[in-house]
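One structure below.
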Amino acid sequence: MRTLLRGAALSVSLFFVAACSGPADTTATTTTEKTGVPAGFSVPVEYHTLDNGLKVVISEDHTAPIATVAVYYNIGFRIEPRNRTGFAHLFEHMMFQGSENLGKMEFVKLIQRNGGVLNGSTRFDFTNYFEIVPANTLETMLWAEADRMSGLDITQANLTNQQGVVKNEVRVNVLNQPYGGFPWLWMPQYANVNWYNAHNFYGELDDLDAATLDDVQDFFDTYYAPNNAVVVVTGDVDPAQTLAWIKKYFGDIPSADVPPIPDISEPKQTEEKIAVREDPLINRPALAFSYHMPERNTPEYYAMGLIDQILLQGDDALLVQKLVQEKGYTAEVSGGINLLGNMFNYNGPMLWTASLIHDADVDPEAIMTATNEVIEKLRTEPVDQETLDRALVKMRSSLYDTLGGFYGFGRADLLAAFALFDDNPARINELEAEFREVTPALIQKTAQEYLRPTNRTVLKLVQDQNPEAASSEKGE
Amino acid sequence: MKTFNSPFRLIVLLAGLGLAQAATAATAAEPPEPAPPKPFTLPETMEMQLDNGLEATLVPYGSLPKVTVQVAVRTGNLNEGEKRWLADFTSALLQEGTVNRSAQEIAGAVAAMGGEIFVSTGVDETVIGGDVLAEFAPDLIKLLAEITRSPAFPESEAERIRGDLLRQLDVMQSQPQATAQEAFSESTYGKHPYGDIFPSAEQLQGYTAADAREFHEQEFGAKRTHVYVAGVFDEAAVREAIREAFGDWKPGPEVLVNVPESTPEHRVILVDRPGAPQSTLILGLPVVDPSHPDFVPLQVMNALLGGSFGSRITSNIREDKGYTYSPRSTLQDNYRVATWAEYADVTTAHTADSIHEILKEIQRLQKEPPPEAELDGIKNYLSGVFVLQNSSRGSIIGQLRNIELHGLSEDYLSTLVQRINAVTPETVSAMAREYLPIDDLTLVVVGDLETVKPQLQELDWIREGDLK
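Going down the list, the protein sequences come from chains A and B. Residue numbers for the first sequence follow our numbering, so the first one is 4 and each next one is one higher. Residue numbers for the second sequence follow our numbering, so the first one is 534 and each next one is one higher.
Here is the structure:
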């Protein structure tokens, strides 16, 4: 995804990988096309479910002597308790505060003294915890993740401390940061109507303060069970040995009755929404627009993936050409499907969003007029095959980046999402074929239905809604 | 322009084990011991040199069918003189087409290769780079050469680019972290381009396509350029493409050397941000640069003191006190200079408390060598990070560029782990004493001064006149 603004992540933060500017390469089976250079790419996938319901995915990759361990729980911020906004994320922090055999900071120290990096993050439909480590330390990592899946051991002091840390996270990323919540935090609150999709998932500071140790225990007991999780291991590992260790350390953790996911659906939007939000910290206004996505895994969903490539990704993208090169409204148009991840790692209603920072003397209406020109063309005429082919090539390249990216974590992330949401991690190897099915006619049909102005929310970010009124007030 | 130390990107912090281990409960199980480390060998590199002085390094890596190419030219803000961001302006115009192709044609060509290209302007280096599907490696090299060597510099696009840079400047100046960095850099390096990081709006408005053309003509050339190729590629085709695309380029000027004076000195710089819920802090000073033998032990010291999740300062002001979310100490370098600094955005009410705790941790390390186990944890961590740094196309190139920029020895990478492991607890303590004298630290605070000043008044470290 193109990023202009800092991609603020709901995360425990502080995990450090030097010069992490490019994707890691991986080993896997490759096929060779006419160029003599490998062009197809397939990821090995082993999938198991233990007796307690824990899903396990293992994917070998012997490029470098490193391994990634990723544990994903099927609990995202979307479905956190109604009177506890931001709780799913606060809870994520608590998973680093102490478990049965590892006291506060000991988990972190254990990973680091084994030469690894770690993090956790909270997203729409999952919370994840992962370590990227030298491959020889794999067993230690599995033991540690199993330890905190077995139970937490934290105090009120730990909770109070992390309430302070999380409030400071919200301050540094949003409250004291120009464009801080724009558009990733604000847009879902305007575009969606179902509370699960439309609340402040970073959390109101009051709600964060209100959290109790009982809330923490309840949340853990409800969602952090093996039958609500997947363990993914990728990298330079022996799959049989890895599975044996996972059975040894996770196999005895009891399963729990996990409540069904509530109704998170969004009703069909029938009128365009326009919202204006103030951010007193900014010097230049900004504009974002979002459209509700087609349902995940439908033909239209894959078509939207390619529409995103056609409109937004890369310098050749039509909106970039129009708004940056031709009109000069901005230096960059950012956005994509799921601003807190990618088009694969969510499971519910989602937005496709574009955003830009512009000058005060440019009317947002002019920007939307130029945008409409581009989008209406896509809705009224089939794209030519060359444009579609280029979108496919970009998609293929971007998939490889995801699969190889961040030292193998990108691959683990997709495998986890496909295991949790589709019970089928092998989907990772079917994506390219799904995109190849998309025709110019399907692109047009999808654009007609999903790029309707009535399916859109426009968010204008301004320094001051009533500059004149405000200045006269100041004068009094 | 400078890369700010944005706290939410993945930041290079060589990190490590934190405070002394808390005693585990008597019943606690011990983690299983790791297996012996697997052998790690650095990816092999192949060097090339052309008659005009251009150098190239090829690194076959991985099997995922992609390739990264970077054309690194030793010119940047350092070469601007007083024309701040003229290098950025030039880089932006480099992307507006060549004498043969329009920007739109280039964008189409890049997309058809399944890739993206970029031009980034650093203080010491400008990089024209890209990342494409493996089969297009030679095409990408030719395209990047065309952009590097034959830009069109269309005057028709200059106004738009000026507007973009003005907007960017305005946005950066609204960010408390960028504001703090500007103050710290200027106090460290003065009006030298390493220190004077923002242009004025008037200055930006004055740049024309002709200025960019002149800058490019004077500052770009083969002798200043190193081409890096990493990933999956056909070696013979890549070598041929480099020769063909760069072989007849002018040698151009030698690398410009212009190292500023920088002396550690007690300074307090306060920038008011009325009503700010946090204070943005930088506490740091100039230290020795990467070419100095103490730099590796300094990195180890930094990792233990503030450079990681488990480090002492982070354990203290985040995990114990909850004053902040993303504190970190870093070593930042340019050619023949470097700084050490602790960066933190802290709750306004605990601004002085945070400074107090940071100073306390520095002093504790100066007085007492760290426990052996704590240091061993750091060394293991740094060794692990080293493996990661050599496990992706982009980071492999990043490491090689760093060695080239600082003129480090050829065996720098192959001996790094050994040098890390040679650092003793006493050395760590000595590094803190030698390079972090607290009386010579510079403090920058961007925050609500009405609240912050009375707090600072109470700090022993603050001297009379500091808060005027």
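Ideal Cβ positions, reconstructed from N, Cα and C, are used throughout, including at glycine. Source: prediction; values computed, not measured.
- Residues of the segment 567-599 of chain B with a C-beta atom less than 8 Å from some C-beta of chain A are Pro-567, Ala-568, Pro-569, Pro-570, Lys-571, Pro-572, Phe-573, Tyr-594, Gly-595, Ser-596, Leu-597, Pro-598, Lys-599, listed in chain order.
- Residue A/Leu-315 holds the alpha-carbon nearest to the alpha-carbon of A/Lys-397 among A/Val-377, A/Asp-64, A/Leu-315.
- Look at B/Pro-565: its C-beta is under 8 Å from a C-beta on chain A.
- Neighbourhood of A/Glu-142 in chain B, by CB distance below 8 Å: Pro-565, Pro-567, Ala-568, in chain order.
- Inclusion of A/Glu-207 and B/Pro-565 in the CB contact set at 8 Å is not warranted, their separation being larger than that value.
- Contact between A/Thr-333 and A/Leu-359 holds, since their C-beta atoms are separated by about 4 Å, short of 8 Å.
- Counting along the chain, B/Pro-826 sits inside no beta strand (DSSP E), nor does DSSP assign it H or E at all.
- If you ignore the 5 residues before and after A/Ala-420, its C-beta comes within less than 6 Å of the C-beta of Phe-347, Asn-348, all in its own chain and listed in chain order.
- The C-beta of A/Glu-172 comes closer than 8 Å to at least one C-beta of chain B.
- Against chain A, the CB of B/Ser-624 has no partner CB under 8 Å away; the residue lies outside that interface.
- Under the 10 Å beta carbon count, A/Arg-414 is surrounded by 16 or more other beta carbons and is classified as buried.
- With respect to B/Ile-661, B/Val-604 sits close: the two C-beta atoms are nearer than 8 Å.
- One thing to note: A/Ala-259 has its Cβ within 8 Å of the Cβ of A/Asn-230.
- The DSSP-derived three-state label of B/Gly-595 is coil.
- Annotation: B/Ser-887 has no Cβ neighbours in chain A at a cutoff of 7 Å; minimum Cβ distance is about 11 Å.
- Excluding residues up to 5 positions away in sequence, Ala-201, His-202, Asn-203 lie with their Cβ nearer than 8 Å to the Cβ of A/Gln-192 in the same chain.
- Exposure of B/Met-579 is indicated by the presence of fewer than 16 other C-beta atoms within 10 angstroms of its C-beta.
- In this structure, B/His-759 lies near B/Ala-589, with their beta-carbon atoms less than 8 Å apart.
- Taking a Cβ-Cβ threshold of 8 Å, the residues of chain A close to B/Glu-649 are Gly-317, Asp-318, in chain order.
- Using a CB distance below 7 Å, the part of the segment 707-731 of chain B facing chain A consists of Ser-707, Gln-708, Pro-709, ordered along the chain.
- Residue-level contact check: B/Gln-899 does not touch chain A, since none of the beta carbons of chain A fall below 8 Å from its beta carbon.
- Approximately 5 Å separates the beta-carbon atoms of B/Leu-699 and B/Leu-737; this is inside 8 Å, confirming the contact.
- Chain-ordered, the chain B residues with CB closer than 7 Å to the CB of A/Ala-334 read Asp-697, Arg-700, Gln-701.
- Only residues of its own chain outside the window of five on either side were considered, and among them Leu-216 have a CB closer than 8 Å to the CB of A/Gln-159, listed in chain order.
- Here B/Asn-835 is buried. Its C-beta has 16 or more other C-beta atoms within 10 Å.
- For B/Ser-848, the number of other beta carbons within 10 angstroms of its own is at least 16, and it is reported as buried.
- Chain B places a beta carbon closer than 8 Å to that of A/Ser-400, counting this residue as a contact.
- The beta carbon of A/Pro-367 sits closer than 8 Å to those of Pro-288, Leu-290, His-361, Val-461, Lys-463, all from its chain and outside the five residues before and after it, given in chain order.
- Only residues of its own chain outside the window of five on either side were considered, and among them Val-48, Tyr-50, Val-60, Leu-418, Phe-421, Ala-422 have a CB closer than 6 Å to the CB of A/Pro-428, listed in chain order.
- Every beta strand (DSSP E) stretch that sits fully inside the segment 259-335 of chain A and reaches 3 residues is listed by chain position as 276-281, 289-295.
- About 5 Å separates the beta carbon of B/Phe-573 from that of A/Pro-68, a gap short enough to meet the 8 Å contact definition.
- Runs of the beta strand (DSSP E) spanning 3 or more residues and lying entirely within the segment 639-674 of chain B occur at 649-654, 659-666, in chain order.
- The C-alpha of B/Trp-994 is placed about 42 Å away from the C-alpha of B/Gly-927.
- Ranked by Cα distance from A/Tyr-304, the options A/Glu-452, A/Phe-409, A/Phe-90 are led by A/Glu-452.
- Taking a Cβ-Cβ threshold of 9 Å, none of the residues of chain B is close to A/Lys-380; the smallest such distance is about 16 Å.
- Chain order gives no chain A residues near B/Asn-610, where near means a beta carbon separation below 7 Å; the closest approach is about 18 Å.
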